[in-house]
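Report on the following structure.
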Amino acid sequence: MREFNYKNGTLCCGDISLTEVVKEYPTPVYLYSYDAIMWHFRKIQEAFKEVDPLICFSMKSNSNLSICKALVNAGAGLDIVSGGELYKALKVGCSPKKIVYASVGKTEEEVKIAVGKGILFFNVESLPELIMIDTIAGRLKKKVKVALRINPDVKADTHDYITTGTKEKKFGIDFKTAEDIFDNPNKYPHVLLKGIHVHIGSQITDTAPFSTCIRKILDFVDNSNIEIEWLNLGGGFGIVYGDEKAATAEEFAKAIVPLVKNRSLKLILEPGRFIMGNSGILVSKVIYVKIGSTGKKFAIVDAGMNDLLRPSLYNAYHKILPIVERQSKKEKYDIVGPICESGDYFALDRELPELIAGEYIAVMSAGAYGFTMASNYNSRPRPAELLAANGEIRVIRSAETYRDLIRGEKILKEMK
Ligand code: LLP
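Numbering (our numbering), first residue to last: 1050 to 1465.
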């Protein structure tokens, strides 16, 4: 992981030792590296520069205001999926002309607000949604730009829950329906059918599914009477979590750019994980080391599945590193959290140097879909988020307090 390496025996973020960080900030805590974020963003920019895409960072991967602001300042647009993400996107000063809005379930209220703000376009996921957007645009006396999200029926080798481009999934519109829509624009007088959107899944480490998908989409465009201005290729570029191989930005570009460069199409990419995944970690403290009745060792840490859900939900692999490096004999541990569920783990049967109560570990590659998927389950306040930039650590979201846990809740009068 860029920027997160052992130096003189302790894990560091840039030049900042995590042993210092944990003295100042209680765990669990997320820590991101500004340099790593920018490095990953620029990698994509550089690799695809021949086609100069609008890179709309996918806020669902990490919607912290400072992080979105840093990316917007660097020239990114934003990919949003809810009224809440639109609110945050505007808060960081992203031009609405650089906001694209996907989601199979946009509500009327959300659409109304987004139309009012004049976003670049909606990635429309169904015919009823298109009709709804058309009706609202009509009411507001606007012409609204849309891209049809096509479900290309292309399988990517990733976890089923994050596969989105196969025909049995809820996402996107099939080719036949899309053709009917493009052939009958007069049925939707208040929308401008400006583009096509695809997103076939996430954590795709191979370039082939992207090429297959783009070929299918371009064949569709070439064999029908469609004129589009924008082609939005979605997100999905995978990263290295463990020992797997993942294509680099250059390799993704090498597979994609030749297919699209000679067309007069403006391109959009919606990377989330590629930018943030390996730009952040979750730091946690070992509270106890417990030996189960079978002899199994459990390292019980102060972070739980409420803080980082990926291992529990997708059986996802995250590297775990003690923040003080040591050479002791390796032993197998289940690294588990304090939550009352057996699925509350970060690693099972993981070989690690001996872990000692009171020491700190880092769950690596936790910058994407970490904090954004955190919850208050078991009435646990969500952790703070820190950003390392210019050799300094700063808080970009305070840890929640017990007071935050009851915000908005009421004890009914008759119960008092
Ligand atoms: N665009 C659309 C329309 C998406 O649905 C997504 C992710 C992205 C872009 C960004 O994809 P990325 O570049 O990050 O792969 N919680 C899961 C990942 C869910 C991804 C959902 N959609 C995880 O932790 O693996």
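A virtual CB, placed ideally from N, CA and C, is assigned to each residue, including glycine.
- Item | Continuous beta strand (DSSP E) assignments of at least 3 residues falling wholly in the region 1099-1136 | Counting whole runs of 3 or more residues, the region 1099-1136 contains the beta strand (DSSP E) stretches 1103-1107 and 1126-1129.
- Task: If I'm right that residue 1388 touches residue 1355 with Cβ under 8 angstroms, what's the distance once you round it to whole angstroms?
- Result: The pair is a contact, with the Cβ atoms about 6 angstroms apart (cut-off 8 angstroms).
- Message: Residues in the same chain with beta-carbon distance under 6 angstroms from residue 1262, minus the five sequence neighbours each way, listed in chain order, please.
- Response: 1201, 1203, 1247 and 1249, listed in sequence order.
- Item | Neighbour-count burial assignment, residue 1376, 16 or more Cβ in a 10 Å radius | With fewer than 16 other Cβ atoms within 10 Å, it is exposed.
- Message: Among the candidates 1253, 1174 and 1183, whose CA atom is the shortest distance from the CA of residue 1161?
- Response: Ranking 1253, 1174 and 1183 by Cα distance to residue 1161 puts 1183 first.
- Query: residue 1321 to residue 1096, Cα distance in whole Å?
  - Reply: Spanning the two alpha carbons is a distance of roughly 16 angstroms.
- Contact check, residue 1348 vs residue 1394, beta carbons under 8 angstroms: Contact: no.
- Message: How far does the alpha helix (DSSP H) with residue 1176 in it extend, from its first residue to its last?
- Response: Unbroken alpha helix (DSSP H) run through residue 1176: 1176-1188.
- Taking the C-alpha atoms as reference points, what is the distance between residue 1254 and residue 1414? Distance between the alpha carbons of residue 1254 and residue 1414 is about 15 angstroms.
- Message: Quick check on residue 1258: buried or exposed, where buried means 16 or more other Cβ atoms within 10 Å of its Cβ?
- Response: Residue 1258 should be labelled buried.
- Query: Is residue 1255 near ligand 1, going by C-beta to nearest heavy atom under 7 angstroms?
  - Reply: False, no ligand heavy atom lies under 7 angstroms from that Cβ.
- Can you give the Cα-Cα distance for residue 1054 and residue 1277, rounded to whole angstroms? Cα to Cα, residue 1054 sits roughly 46 angstroms from residue 1277.
- Message: Looking at ligand 1, does it come within less than 7 angstroms of residue 1094, judged from the CB to the closest heavy atom?
- Response: Not under cutoff, so the answer is no.
- residue 1472 in three-state terms, based on DSSP: Within the shown structure, residues of the chain are numbered from 1050 to 1465, placing residue 1472 beyond reach of any answer.
- Just to confirm, does residue 1212 get its C-beta within under 7 angstroms of one of the non-hydrogen atoms of ligand 1? Here the distance from the Cβ of residue 1212 to the nearest heavy atom of ligand 1 is not below 7 angstroms.
- Does ligand 1 have a heavy atom nearer than 7 angstroms to the CB of residue 1285? At least one heavy atom of ligand 1 is nearer than 7 angstroms to the Cβ of residue 1285, so yes.
- Item | 8 angstroms Cβ shell around residue 1454 - same chain, five flanking residues per side excluded | Cβ neighbours of residue 1454 beyond the five flanking positions: 1425, 1428 and 1430.
- Message: Judging by CA-CA distance, which residue of 1207, 1067, 1074 and 1234 is the nearest neighbour of residue 1444?
- Response: Of 1207, 1067, 1074 and 1234, the residue nearest in Cα terms is 1074.
- Message: Quick check: what's the CA-CA separation for residue 1465 versus residue 1252?
- Response: Residue 1465 and residue 1252 have their C-alpha atoms spaced approximately 50 angstroms apart.
- Task: Please name the residue or residues paired with residue 1199 in a DSSP beta bridge.
- Result: Note: residue 1199 sits in a beta bridge opposite 1222.
- Task: Quick one: which unbroken alpha helix (DSSP H) runs of 4-plus residues sit fully inside the region 1063-1104? Chain order, please.
- Result: With a minimum length of 4 residues, the continuous alpha helix (DSSP H) runs that stay inside the region 1063-1104 are 1067-1073 and 1083-1096.
- Query: With C-beta atoms as the reference, is residue 1437 less than 8 angstroms away from residue 1104?
  - Reply: The Cβ-Cβ distance between residue 1437 and residue 1104 does not fall below 8 angstroms.
- Query: Just how far apart, CA to CA, sit residue 1302 and residue 1214?
  - Reply: If I take the Cα positions, the gap works out to 20 angstroms.
- Could you check where the alpha helix (DSSP H) with residue 1402 kicks off and where it finishes? Element bounds for residue 1402: not the alpha helix (DSSP H) but the beta strand (DSSP E), 1394-1402.
- Measure the C-alpha to C-alpha separation of residue 1212 and residue 1218 and round it to an integer number of angstroms. The straight-line gap separating the alpha-carbon atoms of residue 1212 and residue 1218 is approximately 8 angstroms.
- Complete alpha helix (DSSP H) runs within the region 1274-1361 (minimum length 4 residues, chain order): Secondary structure in the region 1274-1361: the alpha helix (DSSP H) runs of 4 residues or longer, each lying completely within the stretch, are 1298-1309 and 1322-1325 in chain order.
- Message: How far does the beta strand (DSSP E) with residue 1446 in it extend, from its first residue to its last?
- Response: Residues 1441-1446.
- Item | Pairwise C-alpha distance: residue 1076 and residue 1266 | Using only the alpha carbons, I get a separation of about 47 angstroms.
- Tell me whether residue 1518 counts as near ligand 1, meaning its Cβ is closer than 7 angstroms to at least one heavy atom of that ligand. Any question about residue 1518 goes unanswered here, given that the chain covers just 1050 to 1465.
- Apart from the five residues just before and just after residue 1166, which ones in its own chain have a Cβ nearer than 6 angstroms to its Cβ? Here residue 1166 has 1145 as same chain residues with Cβ atoms under 6 angstroms from its own Cβ, once five neighbours each way along the sequence are excluded.
- Query: Near residue 1446, what residues of its chain come up, given a Cβ to Cβ distance below 7 angstroms and the 5 sequence neighbours on each side ignored?
  - Reply: The residues 1113, 1433 and 1434, in chain order, have a CB closer than 7 angstroms to that of residue 1446 in the same chain once the five nearest residues on each side in sequence are set aside.
- Message: Could you give the first and the last residue of the continuous alpha helix (DSSP H) run that contains residue 1257?
- Response: 1257-1271 is the extent of the alpha helix (DSSP H) around residue 1257.
- Message: Measuring alpha carbon to alpha carbon, tell me which residue in 1141, 1410, 1401 and 1233 is nearest residue 1336.
- Response: Nearest C-alpha to residue 1336: 1410.
- Reducing DSSP to helix, strand and coil, say where residue 1383 ends up. If DSSP states are grouped into helix, strand and coil, residue 1383 belongs with the strands.
- Item | Per-residue DSSP class, three states only, for residue 1373 | Residue 1373 falls in the strand class under three-state DSSP.
- Task: Can you tell me which of 1449, 1448, 1369 and 1126 puts its alpha carbon nearest to the alpha carbon of residue 1404?
- Result: Closest by C-alpha distance to residue 1404, out of 1449, 1448, 1369 and 1126, is 1369.
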